[in-house]
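Numbering (UniProt numbering), first residue to last: 1 to 741.
Report on one structure; see the data block that follows.
Below you can see the structure in the form of structure tokens.
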């Protein structure tokens, strides 16, 4: 595949670098000629300029001591040094390998952060990184970096595909339960479902009017589809597919033009269900593979979806000597051969088949037409070569644990911070202490903060009026020279344990989002000038000219070696400071992500995972017993839920009955009060005194009505118990005997 043509700016940068290399080579050749003896003819500047194709005036200026080339002068005005740019490029590449690629705007912000730190340390005003800086930076490093359209990779998939999961999958699942059992390629199967859409979904190039920004293409907008369950065999064969349509019952029209000899079923949403999976295993898979297996065990690789390890499915598989192996969760994009090799081609062929159908019939694909359209694409996509490649790419057949490259697991790495010292120096005290803490972990006594207070009060440690208090970032150690090494170690460990910032470094305390991020301090580099100590006094030079020239060459070589060492030291320090800035930004980003995960974890319900998160054999006894236990627990929970619902319904009915009685009582009371008022009026007309009038009727309280209902319910319950549970004296037929009397 050809590369995209370089832009004018990239071509100019490439030409400029080429000219710089020629000029450097010419200067090096001139300096080499000057070291030759006087009796040997040296090349002139014009000869060197012609040989290296550079301007002789530019070369004459470049060879003069103290003169700088225009490239060296422009480099001083750049925001980043060459070393810092190299670190930034490595950081961008490492982030891209881990599926955490940064955008040009994020690169500009990182550089601005670095510039701000440098200016803050120097006490100057920070320069503003221009909005086009990232574009020019990409042009400078076009041989390593380029702009891409990001393809989304779910974070859970990126983190799940890690070296530990792959090691467990191949060494603890595939090898003992597949390879060592001697299951042949003819009996090895892999199944997965894919969604087939009725409408056209692919983008294709078309010809249109010049200058138009958009060229529309009419397509069927039908987004409905069906699920296709496909199973392939390691010997290159393919089983008949299963199509799951959305509906309540199977339509006879679906079976027309069934070129792929597919099976049919339906579900409420058009997806696979546990019931469909069990029926397929018994009626399709077992019938199509039983004769070829001839009693040998069969292996079926599937993902760990809940429909693939229901109790009924596992019982059916165990009864038929079928071993179901589940891929590690969220790793099928690399380990499932159908996803890696076959389904991509199936999608392309299905899109072509849909387009061909629309061109032939001048209408969109309906549910009745999908069987023919899918079958035509299925036969073209699944060939023996592609099926065998699916098993080979995923390391199943032939067995190859190294089929998944290390690069594919890099997105699972949590951090880009390396755990080693960048400078190749001898063992320092810091390295020694860290190595000692790693080799000999501290005990619980040493981790107790009280130990620190106890050590401060020992006679060997002088006590001041204001004893030092360990803080989150500073630790004061009052260690006397007479303290033994073991006591000193206990004092250091206990002091670190008393610090909130240092304690997570020496124990298993989990680092949460509340963990304080240390304040970053930019360390400036100090340039060391290296000058020759060679004196120009002729009395100090040897009498022999040859010896003098040898001495000069020796001292120049020593100076160059010393300058190279100093340059290496400055380069390493610059690299450390640049890495610290980028790593500090990355640490803050991880801190925000950790905060989000903690909040999400608080809302997460109890984990209901039944299988190992690294994959496993779904038909073994351990998983089967867990599934049985889960089903029994679900049944018990469903029974309790039904009982609670019954009680709630009874309470609701009682509440409604009480409300009805209360409404009737209030209505009757109002009628009684009205009649009482009329009676009182008549009696007053007859001359009856007020004290002799009848009393106003009282309304029963709602509580009294409720108590009467509970009393009647209790009496009814006791009566039912007397009838349903006769005494031993009366005999079991006492109810019928009373009817006969």
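Where is the CB? At the ideal position from N, CA and C, for every residue including glycine.
Since the structure is predicted, the reported quantities are computational estimates derived from the model, not experimental observations.
Provide the residue span of the beta strand (DSSP E) that contains residue i, from first to last.
i           : result
residue 197 : 188 to 197
residue 149 : From DSSP, residue 149 is part of no beta strand (DSSP E); its letter is neither H nor E.
residue 264 : 263 to 267
residue 228 : 225 to 233
Taking all protein chains shown into account, decide if residue i is buried (16 or more other Cβ within 10 angstroms of its Cβ) or exposed.
i           : result
residue 707 : exposed
residue 163 : exposed
residue 15  : exposed
residue 234 : buried
residue 73  : exposed
residue 361 : exposed
residue 92  : buried
residue 7   : exposed
residue 375 : buried
residue 742 : Residue 742 lies beyond the stretch modelled for the chain, which goes from 1 to 741, so this question has no answer here.
residue 359 : exposed
residue 554 : exposed
residue 619 : buried
residue 344 : exposed
residue 35  : exposed
residue 621 : exposed
residue 564 : exposed
residue 192 : buried
residue 404 : buried
residue 11  : exposed
residue 712 : exposed
Do residue j and residue i have their beta-carbon atoms positioned less than 8 Å apart in this structure?
i           : j           : result
residue 196 : residue 616 : no
residue 266 : residue 282 : no
residue 330 : residue 157 : yes
residue 683 : residue 693 : yes
residue 222 : residue 395 : no
residue 377 : residue 338 : no
residue 13  : residue 140 : yes
residue 240 : residue 262 : yes
residue 80  : residue 111 : yes
residue 627 : residue 309 : yes
residue 224 : residue 198 : yes
residue 367 : residue 245 : yes
residue 259 : residue 350 : no
residue 56  : residue 46  : yes
residue 206 : residue 217 : yes
residue 372 : residue 257 : yes
residue 104 : residue 135 : yes
residue 27  : residue 62  : yes
residue 407 : residue 143 : no
residue 186 : residue 355 : no
residue 102 : residue 115 : no
Start and end of the alpha helix (DSSP H) containing residue i?
i           : result
residue 244 : That residue, residue 244, is in no alpha helix (DSSP H); its beta strand (DSSP E) goes 242 to 246.
residue 206 : Where residue 206 is concerned, there is no enclosing alpha helix (DSSP H), given that its DSSP letter is neither H nor E.
residue 375 : 370 to 381
residue 653 : 621 to 685
residue 17  : 8 to 34
residue 389 : 384 to 393
residue 166 : 163 to 168
Original post:
So does the region 320 to 337 actually touch the region 289 to 301, counting three or more Cβ pairs closer than 8 Å?
Top reply: yes
Whole alpha helix (DSSP H) elements within the region 111 to 159, 4-residue minimum:
133 to 140
Specify whether the region 307 to 318 and the region 148 to 155 touch according to this definition: at least 3 beta carbon pairs, one from each stretch, less than 8 Å apart. Because the criterion of three Cβ pairs below 8 Å is not met, the region 307 to 318 and the region 148 to 155 do not touch.
Which full runs of the alpha helix (DSSP H) of 4+ residues lie inside the region 264 to 343, going along the chain?
274 to 280, 286 to 293, 311 to 319, 332 to 335
Original post:
What are the start and end residues of each continuous beta strand (DSSP E) run of 3 or more residues lying completely inside the region 38 to 106, in chain order?
Top reply: Within the region 38 to 106, no complete beta strand (DSSP E) run reaches 3 residues.
Would the region 263 to 280 count as touching the region 372 to 391 if we require 3 or more Cβ pairs under 8 Å? no
Q: Count the CB pairs spanning the region 16 to 28 and the region 45 to 53 that are closer than 8 Å, and state whether there are at least three.
A: In this structure the region 16 to 28 touches the region 45 to 53; the number of beta carbon pairs closer than 8 Å is three or more.
Assess contact between the region 80 to 89 and the region 110 to 127, defined as three or more Cβ pairs (one per stretch) separated by less than 8 Å. Is contact present? yes
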